[in-house]
Amino acid sequence: MTIGIKPTRPETGYGYIKFRKMTKEIINGNPVHKVEKFAEKPGYDVAVRYVESGDYLWNSGMFIWKTSSVLRAIEKYMPELHKALENIRKALHLGDIERVLYKEYSNLESISIDYGVMEKAKNVYVVPGDFGWDDVGSWTSIERLYEKDKNGNVIRGNVVAIDTKKCIITGGEKLIATLGIEDVIIVDTDDALLICSKDKVQNVKEILKELKERKREYL
Numbered sequence: 001m002t003i004g005i006k007p008t009r010p011e012t013g014y015g016y017i018k019f020r021k022m023t024k025e026i027i028n029g030n031p032v033h034k035v036e037k038f039a040e041k042p043g044y045d046v047a048v049r050y051v052e053s054g055d056y057l058w059n060s061g062m063f064i065w066k067t068s069s070v071l072r073a074i075e076k077y078m079p080e081l082h083k084a085l086e087n088i089r090k091a092l093h094l095g096d097i098e099r100v101l102y103k104e105y106s107n108l109e110s111i112s113i114d115y116g117v118m119e120k121a122k123n124v125y126v127v128p129g130d131f132g133w134d135d136v137g138s139w140t141s142i143e144r145l146y147e148k149d150k151n152g153n154v155i156r157g158n159v160v161a162i163d164t165k166k167c168i169i170t171g172g173e174k175l176i177a178t179l180g181i182e183d184v185i186i187v188d189t190d191d192a193l194l195i196c197s198k199d200k201v202q203n204v205k206e207i208l209k210e211l212k213e214r215k216r217e218y219l
């Protein structure tokens, strides 16, 4: 079982869940639908179609299951992970957990439960959620959480913003001064500075990829 959020806009930064309505299944007054598929983060035009169709929910990443059920699913769809989990479980009783955990975890495939199990399983259902929720995985979500100034900026820290509109600027004690910019994200920390256009914020992962290739660890 997963919780899908009713979309309020064509968001390109979230995954989506397509569902098939089931009229008889109800939990505490809330409908339960059969999941048809998990959809990747779409482009804007596709996101518009998803929202207008009424057949899609945002993928919140919240799942509810019995431990026995999810372990059976992992055994079926991700046998190598299940084997590692069994080795870790045994190590808990043998007093060798640190060594085994490090060994097994280091060799595991980097993959989310969505890709590894949920997209393949046939018995997945979704309950629509209509409550305050946001995915704070991108800086643009900050705009929906913090108050904006008269120019539409979200500002945190020691900032002087002149002729600056619709920007997200966050820092610490060091002064950040901006002049004549719009729709820009600036994030200043002790060891790194990010400056990016809002419409490119979903591509920040490209910076992480580049840093890994250069073997430079900042984040």
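The sequence shown begins at 1 in UniProt numbering and counts up one residue at a time. Idealized CB from N, CA, C, for every residue including glycine.
Using only CA atoms, which one of the options lies nearest to residue i?
i	options	result
A39	V32, Y50, H33	Y50
A121	H82, L175, K37	K37
T191	G172, V204, L179, E182	The sequence given here has Asp at residue 191, not Thr. Checked all of G172, V204, L179, E182; the closest Cα to D191 is G172.
V32	I74, I185, T2	T2
V48	V126, I185, E11	E11
K66	V124, E80, S110	V124
K18	D134, S68, S60	S60
P7	P128, V100, E80, S112	P128
V46	K21, G15, S69, V70	G15
C167	V100, L92, V201, S110	V201
Using DSSP bridges, identify the partner residues of residue i.
i	result
N59	G4
T170	R156, V187
H93	Answer by DSSP bridge pairing: none, since H93 is not bridged.
P31	I26
A161	T178
residue 221	Because the chain in this structure spans residues 1 to 219, residue 221 falls outside the shown range and cannot be described.
G129	I5
S197	V184
Mark residue i as exposed unless 16 or more other C-beta atoms lie within 10 angstroms of its C-beta, in which case mark it buried.
i	result
M78	buried
G4	buried
residue 232	In the structure as shown, the chain starts at 1 and stops at 219, and residue 232 therefore has no counterpart that could be examined.
T170	buried
N153	buried
V136	exposed
I176	buried
F22	The amino acid at residue 22 is misidentified as Phe; the sequence shows Met. Classification for M22: exposed.
M118	buried
T164	buried
I64	exposed
K155	Note that residue 155 is Ile in the sequence shown here, rather than Lys. By the neighbour-count rule (16 or more Cβ atoms within 10 Å), I155 is buried.
Task: the stretch 104 to 124 in contact with the stretch 156 to 174 per 3-pair CB rule at 8 Å - done: Too few Cβ pairs lie closer than 8 Å, so no.
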